[in-house]
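First residue of the sequence shown: 281, per the numbering used here; consecutive thereafter.
Glycine included, each C-beta is placed from N, C-alpha and C at the ideal position.
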Amino acid sequence: MAANAYLANLQQGVDSGLYRQLAIGWIDGTQTGPDQQQTWFLGSGQKPDADSTFEIGAASEIFTGLLLAQAAIDGKVRLDGQLRDWLPKDFAFADPRLGAISLHQLATRQSGLPAVPPNLFPANANDPYAGFDQTALLTLLANFKLAAGSAAPGYSILDIGLLGDVLGRAYGQRFSVVLVSRILDPLGMSHTGFGDGTQLLPGYGHGQSVPHWHFGALAGAAGLRSSLSDLLRFVQANLMPQKSPLRAALLLSRQPQGDSEQSVGLGWNTVQVSDGDQTWPLIWRASRTAGFSVFLGLRTDKQQALVLLGNTDADLSALGIAWLEGRTPPPSLPPPPAAPTPADLAVYPGLYRIAAGSDFVVRTGADGLIAQFPGQFPVDLRAIGHDVFAATGDAFVLSFQREGDAVVSILLGHGGTNLLAQRLSERAPALARTALASDGKKLLEYSGDYRLDADTLLRIAARDGTLSVQPTGHAALTLIEFAPDRFADPRGACEIHFLRNDKHEVTSLKIVLAGAERSAERSSWHVPALR
């Protein structure tokens, strides 16, 4: 199918406000002359150019996987080498299974590591990984214990982030330095790196300007920025690896590491597609960050490759795969709705009950709606349509149902199923608490980390005469003291009761979250010496 059909689909998205700026590159080895490589730049107002840079998010894994392949070829690592091989000999893992994780398991998302580092306590929830440094990474390895049966494949930013750190150690340099010298420079990718730079475009999520994301010690998993010119050089090298100084590594990195129709390479995804009587691998990777989207794909049977870069969070993968397969473009996604006003949001809060008897709460937060399920911390919601809101990370979708102008129920979409929840009240339940005057010195007795479950810590912090609780990966909630050893979030998200032993030492806590009580024991993670 001609490129015009796909370009028209993308232009329609620009016109509707779904996309802001798009950079598109197409290589077709079946053509000769100027049609072999084509580029297009679309934009509402200002357009990008070939050297404008975009966040490429988890597509960074392709380059970390390529460095792994090159390191194996250089004799620096073995794919079956283990984590303990690259840390100091006296490094003590709390769980020996962590030290036995292989580089191959990290590269193919089979390590069993949690999706989010338990000791991730962001100073800015809108850029959560920026402060996660090498000290935090080694602290996790020295203290974390894998849950039983946790080796099933699953995405974790720790996998490739940790792999990048190991590869830097293998070469005796920082990962970012090694990636430039061994991968980016040989490929001529001078506009690719981890810095923001003057050519980095602003990002937009849900129709609003959003901060750029940074990934600290986990940059190898999602921290790269790149341009259309650089990524076209990269996919061209993959189409014709025999002309690249990285020939062997390019071939190894895209080799499927499984025998299913959809397999994972070293950063790449592969899916088998039919062309007449033959089947060929379509090699691709897509990603979205808070304000950017990227698709990279290639077909070696036709010597075709595609690069799509956008500076909104609107997904580009469905159109990218359709383009490479020569199928009709998918329907254009709807544009992001206008940001709801406080008056718009006032109709939704309340207590809702799922038919099975489980209750959950919808409240208004500082920046919009939040939802909270029993035993869980509140989750921010964003409007994705009229009366429709999605949770952060698209974990679930709430579709509010009306009778006339009144909201009467919610259709809760999660994991491919839809559950109806009836509205029980027009207000989110919250107890009025009278705050006591807190003793700043006494508040220090509560400070520290508490283990809520295998992958979640609670950080209790005392600062400027107030106490706060911060769960793994979330923003901190300020607490008020309403009784001795008892605190609550003024909005009603949680209530905490600190428990003491016979020596009057705080050893644990009980926390009530949306009506469900959970316990957390005090946990002290030691910080290993950096080497």
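Whole-Å CB distance - residue i paired with residue j, under 8 angstroms assumed
i, j, result
"Glu341", "Gly590", "Not really, about 19 angstroms apart at Cβ, beyond 8 angstroms."
"Trp366", "Arg300", "At roughly 41 angstroms, the Cβ-Cβ gap does not stay under 8 angstroms, so Trp366 and Arg300 are not in contact."
"Gly337", "Ser567", "3 angstroms"
"Thr388", "Val544", "5 angstroms"
"Arg703", "Tyr632", "6 angstroms"
"Leu716", "Phe762", "6 angstroms"
"Tyr484", "Gly600", "So it is not a contact: roughly 19 angstroms between Cβ atoms."
"Ala374", "Lys425", "6 angstroms"
"Gly637", "Pro709", "Their Cβ separation, rounded to whole angstroms, is 16 angstroms, which puts Gly637 and Pro709 out of contact at 8 angstroms."
"Phe455", "Asp465", "Their Cβ separation, rounded to whole angstroms, is 15 angstroms, which puts Phe455 and Asp465 out of contact at 8 angstroms."
"Tyr286", "Pro525", "No, Tyr286 and Pro525 are not in contact; Cβ-Cβ is about 33 angstroms, not under 8 angstroms."
Sheet register partners of residue i (DSSP bridge)
i, result
"Ile650", "Arg643 and Asp660"
"Phe680", "Ile690"
"Glu725", "Answer is none; Glu725 lacks a bridge partner."
"Gly665", "Val668"
"Ala585", "Ile307 and Leu578"
"Lys790", "His777 and Ser799"
"Asn549", "Val544 and Trp564"
"Tyr730", "Leu738 and Arg802"
"Gly323", "Gln301"
Close Cβ partners of residue i (< 6 angstroms) along its chain, the five nearest in sequence each way excluded
i, result
"Gln385", "Ser391"
"Phe321", "Ala303, Lys327 and Pro328"
"Asn518", "Leu530 and Leu578"
"Leu511", "Val587"
"Phe401", "Arg739 and Gln750"
"Gly441", "Leu498, Gly500 and Ala501"
"Glu605", "Val553"
"Leu480", "Thr333 and Arg505"
"Val490", "Gly483, Ala570 and Gly571"
"Ile776", "Phe767, Leu789 and Ile791"
Buried versus exposed call for residue i [16 or more other C-beta atoms within 10 Å across all chains shown]
i, result
"Asp769", "buried"
"Pro611", "exposed"
"Asp315", "exposed"
"Val688", "exposed"
"Glu541", "For Glu541, the predicted structure reports a pLDDT of 48, less than 50, and the residue's modelled location is therefore unreliable. The matter cannot be settled from this model."
"Lys356", "buried"
"Pro521", "buried"
"Ala651", "buried"
"His471", "buried"
"Tyr435", "exposed"
"Val574", "buried"
"Thr569", "buried"
"Asn781", "exposed"
"Ser506", "buried"
"Leu418", "buried"
"Ala809", "exposed"
"Glu683", "exposed"
"Gln516", "buried"
"Asn284", "exposed"
"His784", "exposed"
Same chain, Cβ closer than 8 angstroms to residue i, five either side skipped, listed in chain order
i, result
"Ile664", "His486, Pro616, Pro617, Ala670 and Val677"
"Val668", "Val677, Leu678, Ser679 and Phe680"
"Gly297", "Ser324, Gly487, Pro615 and Pro616"
Closest residue to residue i among the options (Cα-Cα distance)
i, options, result
"Arg527", "Arg462, Arg389 and Glu605", "Arg462"
"Gln350", "Phe334, Ala598 and Leu531", "Leu531"
"Trp603", "Pro808, Val446 and Leu562", "Leu562"
"Thr697", "Tyr632, Ala675, Ser718 and Arg643", "Ala675"
"Leu730", "Arg798, Ala710 and Ala570", "The amino acid at residue 730 is misidentified as Leu; the sequence shows Tyr. Of the candidates Arg798, Ala710 and Ala570, the one whose C-alpha sits nearest the C-alpha of Tyr730 is Arg798."
"Leu723", "Thr746, Ala701, Ala708 and Ser506", "Thr746"
"Pro397", "Pro620, Ala380, Gln414 and Ile437", "Ile437"
"Arg513", "Asp581, Arg743 and Met469", "Met469"
"Ala626", "Gln552, Gly496, Lys582 and Arg707", "Arg707"
"Gly795", "Leu418, Gln453, Asp639 and Tyr409", "Asp639"
"Val641", "Pro629, Ala635 and Gly648", "Pro629"
"Pro482", "Trp560, Ser332 and Ala585", "Ser332"
"Ala585", "Thr319, Gly293 and Ala285", "Thr319"
"Leu290", "Arg364, Glu725, Ala594 and Ile381", "Ala594"
"Asp354", "Ser597, Val458 and Val807", "Val458"
Chain-order list of residues whose beta-carbon lies under 7 angstroms from that of residue i (same chain, five-residue window excluded)
i, result
"His754", "Ala405 and Phe657"
"Ala800", "Tyr730, Arg731, Leu732, Leu738, Ser788, Leu789 and Ile791"
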